[in-house]
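Terminal number for the sequence shown in the numbering used here: 288, no gaps in between.
Ideal Cβ placement from N, Cα and C applies to all residues, glycine included.
No experiment lies behind these values; they were computed from the predicted model shown.
Here the structure is laid out as structure tokens; the discussion comes afterwards.
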Amino acid sequence: MPASGVSAAAIAARLSAVGLFTRVEEHDRYTTVEAEVPESLSADLWREVLEVVAEADRFGLLATSLNDRTLWAVVRKAVPSTGDVGGPGHQR
197 MPASGVSAAA IAARLSAVGL FTRVEEHDRY TTVEAEVPES LSADLWREVL EVVAEADRFG
257 LLATSLNDRT LWAVVRKAVP STGDVGGPGH QR
């Protein structure tokens, strides 16, 4: 699993530990974590959740008029340096 996947899995595990249902998805350039946030989340748990997602490269909250709230976090995958792009046989 890429380092972004490990970081995203750690974020998802910590969010699950506070009682949120999470989803992790791998993409070409990043890994995402999403969690449904209930209306009943206490202020203390919100602080903990924000500390967790602050470890991601980006995060936010999507709220709909149906009172659905989805917290999301993105962990970028490492981009290879110029010398590594072609693999070991193509380094400068």
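For Glu235, the secondary structure class from DSSP, reduced to helix, strand or coil, is coil.
Rounded to whole angstroms, the Cβ separation of Val229 and Val220 is 5 angstroms, and the two are in contact under 8 angstroms.
Rounded to whole angstroms, Leu241 and Ala231 show a C-alpha spacing of 14 angstroms. Your pair Val248 and Leu211 checks out as a contact, with CB atoms roughly 6 angstroms apart and the cut at 8 angstroms.
In its chain, beyond the 5 residues on either side, Ile207, Val229, Val249, Ala252 and Phe255 have a beta carbon closer than 6 angstroms to the beta carbon of Ala269.
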